[in-house]
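Visitor: The structure under discussion is supplied below as structure tokens; questions concerning it will follow.
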Amino acid sequence: MTTLTPPYPTLAIRDLTVSADGADLLHIDSLTIHPGERVGLIGESGSGKTLTALAVMGLLADGVTATGSIRLHGLPIDVIGASERSLSAVRGAAVSMVFQEPMTALNPLMTVGAQIAEVMRQHRTQPSRSAVAEATRALLARVELPSPQTIARSYPHQLSGGQRQRVVLAMALANKPALLLCDEPTTALDVTVQAQMIGLIDELVSESATSLLFVTHDLAVAASLCDRIVVLRRGVVVEEGPTAQVLGNPTHPYTRALVAASDVSATPTTALVTGASPFNVSTTSASPTSASPTTVSTTSASPTVFNSIAGTAPALIEARDLERLYPGTRRSLFASPTPGRGLHPVSFDVRAGQAVGIVGESGSGKSTLVRLLAGLDQPTSGSISIAGIDLATATPQQRRAVRSTSAMVFQDPASSLDPRMTVAQIIAEPLHDISRAEAEHRAETMLASVKLTPDALRRYPHQFSGGERQRISIARALVTSPELLIADEPVSALDVSVRARVLELLDALAAEYQLTLVLVSHDLAVVRRICDTVLVMRDGTIVESGPTDEVYLNAQHGYTRALVAATPILRGALDRAQSRAAATS
Amino acid sequence: MIRRHTPRANRTILVATILLALPVLAALVSLVWTPYNPIPVNAGERMLAPGASHPLGTDSFGRDIVSLLMYGARISLTVGFVAVAIALVIGVPVGVLSGMRGGRVDQVLMRLTDVVLAFPALLLMIVFGAAFGANTTSATIALGIAAAPAFARLSRAGTLQVMSRDYITAARSANRGGLYIARRHVLPNIASLIVVQASVAFSMAVLSEAALSYLGFGAAPPTPSWGRMLQEGQAYLYNNPLLVLWPGLAIALTVLALNLLGDGLRDRCDPRRVAQR
Numbered sequence: 247m248t249t250l251t252p253p254y255p256t257l258a259i260r261d262l263t264v265s266a267d268g269a270d271l272l273h274i275d276s277l278t279i280h281p282g283e284r285v286g287l288i289g290e291s292g293s294g295k296t297l298t299a300l301a302v303m304g305l306l307a308d309g310v311t312a313t314g315s316i317r318l319h320g321l322p323i324d325v326i327g328a329s330e331r332s333l334s335a336v337r338g339a340a341v342s343m344v345f346q347e348p349m350t351a352l353n354p355l356m357t358v359g360a361q362i363a364e365v366m367r368q369h370r371t372q373p374s375r376s377a378v379a380e381a382t383r384a385l386l387a388r389v390e391l392p393s394p395q396t397i398a399r400s401y402p403h404q405l406s407g408g409q410r411q412r413v414v415l416a417m418a419l420a421n422k423p424a425l426l427l428c429d430e431p432t433t434a435l436d437v438t439v440q441a442q443m444i445g446l447i448d449e450l451v452s453e454s455a456t457s458l459l460f461v462t463h464d465l466a467v468a469a470s471l472c473d474r475i476v477v478l479r480r481g482v483v484v485e486e487g488p489t490a491q492v493l494g495n496p497t498h499p500y501t502r503a504l505v506a507a508s509d510v511s512a513t514p515t516t517a518l519v520t521g522a523s524p525f526n527v528s529t530t531s532a533s534p535t536s537a538s539p540t541t542v543s544t545t546s547a548s549p550t551v552f553n554s555i556a557g558t559a560p561a562l563i564e565a566r567d568l569e570r571l572y573p574g575t576r577r578s579l580f581a582s583p584t585p586g587r588g589l590h591p592v593s594f595d596v597r598a599g600q601a602v603g604i605v606g607e608s609g610s611g612k613s614t615l616v617r618l619l620a621g622l623d624q625p626t627s628g629s630i631s632i633a634g635i636d637l638a639t640a641t642p643q644q645r646r647a648v649r650s651t652s653a654m655v656f657q658d659p660a661s662s663l664d665p666r667m668t669v670a671q672i673i674a675e676p677l678h679d680i681s682r683a684e685a686e687h688r689a690e691t692m693l694a695s696v697k698l699t700p701d702a703l704r705r706y707p708h709q710f711s712g713g714e715r716q717r718i719s720i721a722r723a724l725v726t727s728p729e730l731l732i733a734d735e736p737v738s739a740l741d742v743s744v745r746a747r748v749l750e751l752l753d754a755l756a757a758e759y760q761l762t763l764v765l766v767s768h769d770l771a772v773v774r775r776i777c778d779t780v781l782v783m784r785d786g787t788i789v790e791s792g793p794t795d796e797v798y799l800n801a802q803h804g805y806t807r808a809l810v811a812a813t814p815i816l817r818g819a820l821d822r823a824q825s826r827a828a829a830t831s
Numbered sequence: 182m183i184r185r186h187t188p189r190a191n192r193t194i195l196v197a198t199i200l201l202a203l204p205v206l207a208a209l210v211s212l213v214w215t216p217y218n219p220i221p222v223n224a225g226e227r228m229l230a231p232g233a234s235h236p237l238g239t240d241s242f243g244r245d246i247v248s249l250l251m252y253g254a255r256i257s258l259t260v261g262f263v264a265v266a267i268a269l270v271i272g273v274p275v276g277v278l279s280g281m282r283g284g285r286v287d288q289v290l291m292r293l294t295d296v297v298l299a300f301p302a303l304l305l306m307i308v309f310g311a312a313f314g315a316n317t318t319s320a321t322i323a324l325g326i327a328a329a330p331a332f333a334r335l336s337r338a339g340t341l342q343v344m345s346r347d348y349i350t351a352a353r354s355a356n357r358g359g360l361y362i363a364r365r366h367v368l369p370n371i372a373s374l375i376v377v378q379a380s381v382a383f384s385m386a387v388l389s390e391a392a393l394s395y396l397g398f399g400a401a402p403p404t405p406s407w408g409r410m411l412q413e414g415q416a417y418l419y420n421n422p423l424l425v426l427w428p429g430l431a432i433a434l435t436v437l438a439l440n441l442l443g444d445g446l447r448d449r450c451d452p453r454r455v456a457q458r
């Protein structure tokens, strides 16, 4: 096999068109990645980012065809039209890929060590069995996993999400690829873990001078990692160039809108885009919230015991020493159950009309708290009362009453709407004992208030985009005019450009319906955008609470500070990119 | 992408319906007319080759095969439909209840299901035949009971999947009760699974009835069914393979038609696969 050597590019795409069913899904005139270069491919869902990565790997699904040319370093023939046999010689060797979801990228029945070793054995890149074992340990150490010996013998489920992604990265780097493809490798990870992961990719890629094609929807992540940015929109490259130029000084209106939208916490007074924008947004204006500025007592020294958010309005939610423990899982019939995660005693008040943000990473107890607030679960000890009804001692009737004063909006727009029901049926579901015509009328009114047209009524959820589904979900939540709206990660599954508008809508509706809003998010920026008060949770306790800006700008607790620091911010990342570019030139 | 499925689903359903219409029509017509009387033995016309008077020939008792097939369709189809209906009525509620309630209820119901599943289906039918007489009724009931666990497990798995969805949480937080959730959310979403299973179970029932008749526990002689025809033809397999070919073809085509129908219906009743607007 002839090997291309520098100055030949690592990847050269020419005139690539990917199509399915006669429709063109993606067209790239020219994309070249030179050795050691890092290219960020950004765009929203459906823009063709992942399709590009799959085309490069020769992994397009059946029925999806590619024309044009994709030349890879190390492969003497064109990827398009190459036999499966010649492709598998380069996959995992000269080119390798890191996927979004590490749990599904790993085989649950094999130890991670065996999986890394397999990659090397497959391509015979190590002379002997012992060399493979040695290299496996070295790789695990390189991706900064503690005690590589132990990790190599572990199964994927015994590792955390971040550790799993490190293992996937180790697999990808096992054969010293010339090109590493990363498809949203940090999207499924917690913020602080994401920051570490990006640092690690940065370090390893520059160490081995590997070229990088990094696919992401997150501009800040792309900016902190890539030299060059390619912006894709509906399968077409709309802008490309050096990171600092494309993201710092975008020329295409779509890129401008993306850049503006990616800073969610920014006040909406600066209109993101004008009427003729690619997002088709009407000019946004600041919507005043009904929630008056809150006065917050200084958080007490011991945050787990009591976090009072004092105020004048009556408390809608009163939680005192609220605790929810889950019986742990038994490893075997005879083992005693391991103590599970849950919620350790927390106390707080939420006054009517407040917008409270709950921030924390996975396992912090956010979801447990949400279930308690929604009346879907009962505390193990302590008390929580909503609108004066104590949930621990509530009768079934009272619990029903609590549920009817609160409503929920969920994270995943794909799972929150029944695919077999029409939008009219979905929105009217919470309305009991009501005529069909009346239900339809109410549904239509709600649709209008979430800015959807009445023709949506007869359609099914799959006919809507993620942002539209989230609007339908909000309409269903508000159709009973609840007092309390619990939004569980309402925008984290949405594209950046849609995110800001859904948050704005929530904010406006909270004011219009005089809602008390509890918004759960892993993203501080989202909370900062619409909440006046924030609770930061970790390991089932509240570590810090207070007015959002105060907590954000002047965090007292170390964890909060780490969280703020780990949140990728486009501006900061761009500044670093600029200085990096200046240093190299 | 979405539209592509629709004509295909419709075409599948059309082909399946035509294929299925043949045995159904044959069975209906046999109620009033068959070319010959399929019951009495006619020693003079044993094992005639296909010809003008007997298009598919005659069997070892001299009976006209076309008439036998028509009459047999009646038995085989009835056994299939009734058995599937019994299996559905027992299996689906058990599975849905199990999946929605979880915990103790789930464990008890599923262990019971396992017990029935572990009991060899053929043995169950033979026991029923021995206890209640070797006739089609007892065979059908036994077939229905034997097929129920598959429906229960499938419905439970489907229900568990549906119950993990956020729209169930939304319905619960909107104070909707279990019956409402089962009716509006769970059943419509597991319907496609069940339709496919029903078509498979029907095929199994037709085949099992054949096996039972073959063993002498299904339709009592001289009543013809497709299975009985196979059994009787088996003795002459080498001399006259056509005797097993005809009932074999009838069973194969019916089963094919039902499987196609199951697939077509599954695609058809999923709004995600139906044309937009």
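The listed protein sequences derive, respectively, from chains Z and E. All letters in the first sequence, in the order written, are residues 247 to 831 by the numbering used here. All letters in the second sequence, in the order written, are residues 182 to 458 by the numbering used here. Glycine included, C-beta positions come from ideal geometry on N, C-alpha and C.
Measuring only between beta-carbons, confirm whether E:A190 sits less than 9 Å from chain Z.
Guide: Output row for E:A190: interface = no.
Visitor: In the DSSP output, which residue or residues are listed as bridge partners for Z:R367?
Guide: Z:R367 pairs with nothing; no bridge assigned.
Visitor: Check whether chain E comes within 9 Å of Z:R666, counting only Cβ atoms and requiring the distance to be less than that.
Guide: Yes, contact with chain E.
Visitor: Which residues mark the beginning and the end of the beta strand (DSSP E) in which Z:T787 is found?
Guide: Element bounds for Z:T787: T787 to P793.
Visitor: Once DSSP output is grouped into helix, strand and coil, what is the label at E:E390?
Guide: Helix.
Visitor: Measuring only between beta-carbons, confirm whether E:D451 sits less than 9 Å from chain C.
Guide: You won't find chain C in this structure, because its protein chains are Z and E.
Visitor: Is the beta carbon of Z:I635 sitting closer than 9 Å to the one on Z:A647?
Guide: Yes; because the gap between Cβ atoms is below 9 Å, this pair is in contact.
Visitor: Are the CB atoms of Z:H498 and Z:V484 within a distance shorter than 9 Å?
Guide: Yes, these two residues count as a Cβ contact at 9 Å.
Visitor: Is there a C-beta anywhere in chain Z that falls below 9 Å from the one on E:D295?
Guide: No, no contact with chain Z.
Visitor: Flag E:R236 as yes if its beta-carbon sits less than 9 Å from any beta-carbon of chain Z, otherwise no.
Guide: Sequence check: residue 236 of chain E is Pro here, not Arg. Output row for E:P236: interface = no.
Visitor: Closest to Z:D270 by CA distance: which of Z:L297, Z:S652, Z:T456 and Z:Y706 is it?
Guide: Nearest option by C-alpha distance: Z:L297.
Visitor: Kindly indicate which residue of Z:S291, Z:T278 and Z:R367 has the alpha-carbon position closest to the one of Z:I316.
Guide: Of the candidates Z:S291, Z:T278 and Z:R367, the one whose C-alpha sits nearest the C-alpha of Z:I316 is Z:T278.
Visitor: Pick helix, strand or coil for E:D287, following the three-state DSSP scheme.
Guide: Here E:D287 sits in helix by DSSP.
Visitor: So Z:R388 is in the alpha helix (DSSP H); what residue range does that whole segment cover?
Guide: First-last of the alpha helix (DSSP H) with Z:R388: R375 to R388.
Visitor: Please tell me whether Z:I672 has its Cβ less than 9 Å away from any Cβ of chain E.
Guide: So yes, Z:I672 belongs to the interface.
Visitor: CA-CA distance, Z:L693 and Z:P700?
Guide: Z:L693 and Z:P700: Cα-Cα distance of roughly 7 Å.
Visitor: With a threshold of 8 Å on Cβ separation, who are the neighbours of E:P330 within its own chain once the five nearest residues in sequence on each side are excluded?
Guide: Cβ neighbours of E:P330 beyond the five flanking positions: G272, T294, D295, V297 and L298.
Visitor: Return the chain-ordered ranges of every beta strand (DSSP E) run that is complete within the region 693–762 of chain Z and spans a minimum of 3 residues.
Guide: Those beta strand (DSSP E) runs which fall completely within the region 693–762 of chain Z and span 3+ residues are 730–734.
Visitor: Should E:Q288 be labelled buried (16 or more other beta-carbon atoms within 10 Å of its own) or exposed?
Guide: Exposed: under 16 other Cβ atoms inside 10 Å.
Visitor: Run the CB neighbour count on Z:S627, radius 10 Å, all protein chains shown included, and call it buried at 16 or more, exposed below.
Guide: Answer is exposed; the Cβ neighbour count stays below 16.
Visitor: Given a threshold of 16 other Cβ atoms within 10 Å of its Cβ, counted over all protein chains shown, does E:N191 qualify as buried or as exposed?
Guide: That one is exposed.
Visitor: Pairs of beta-carbons, one from the region 450–457 of chain Z and one from the region 419–433 of chain Z, closer than 8 Å: are there three or more?
Guide: Taking 8 Å as the limit for Cβ pairs, the verdict is that the region 419–433 of chain Z does touch the region 450–457 of chain Z.
Visitor: In chain order, what residues of the same chain have a beta carbon less than 6 Å from the beta carbon of E:L446, not counting five sequence neighbours either side?
Guide: These residues qualify, in order along the chain: V376.
Visitor: Which runs of the beta strand (DSSP E) fall wholly inside the region 403–462 of chain Z and span at least 3 residues, in chain order?
Guide: Listed in chain order, they are 425–429 and 457–462.
Visitor: Identify whether E:S373 lies in helix, strand or coil by the three-state DSSP scheme.
Guide: Correct three-state label for E:S373: helix.
Visitor: Just list the residues that DSSP pairs Z:V492 with in beta bridges.
Guide: According to DSSP, Z:V492 bridges with nothing at all.
Visitor: Nearest-angstrom Cα distance between Z:L262 and Z:G320?
Guide: Their Cα atoms are separated by approximately 19 Å.
Visitor: From the DSSP output, read off the bridge partner residues of Z:L272.
Guide: Z:L272 pairs with Z:V264.
Visitor: Counting only C-beta atoms, is E:A363 closer than 9 Å to chain Z at any point?
Guide: Cβ-Cβ to chain Z under 9 Å: no for E:A363.
Visitor: Can you list the alpha helix (DSSP H) stretches of 4 or more residues lying completely in the region 615–663 of chain Z, in chain order?
Guide: Complete alpha helix (DSSP H) runs here, min 4: 642–651.
Visitor: Apart from the five residues just before and just after E:G443, which ones in its own chain have a Cβ nearer than 6 Å to its Cβ?
Guide: Correct list, in chain order: V376, V377 and S380.
Visitor: Which of helix, strand or coil does DSSP assign to Z:G286?
Guide: Looking at Z:G286 - three-state DSSP - the assignment turns out to be strand.
Visitor: What residue range is occupied by the uninterrupted alpha helix (DSSP H) comprising E:T318?
Guide: T317 to M344 is the span of the alpha helix (DSSP H), which, as asked, contains E:T318.
Visitor: Since E:T350 meets chain Z, which of its residues come closer than 9 Å, beta carbon to beta carbon?
Guide: Going along chain Z in sequence order, the residues near E:T350 (Cβ under 9 Å) are R617, A620, L622, M654, F656 and S662.
Visitor: Buried or exposed: which applies to Z:K697, given that a residue is buried once 16 or more other Cβ atoms fall within 10 Å of its Cβ?
Guide: Its Cβ having fewer than 16 others within 10 Å, Z:K697 is exposed.
Visitor: Strictly under 9 Å for the Cβ-Cβ distance: is Z:P488 near chain E by that measure?
Guide: For Z:P488, the answer is no, since every Cβ of chain E falls outside 9 Å of its Cβ.
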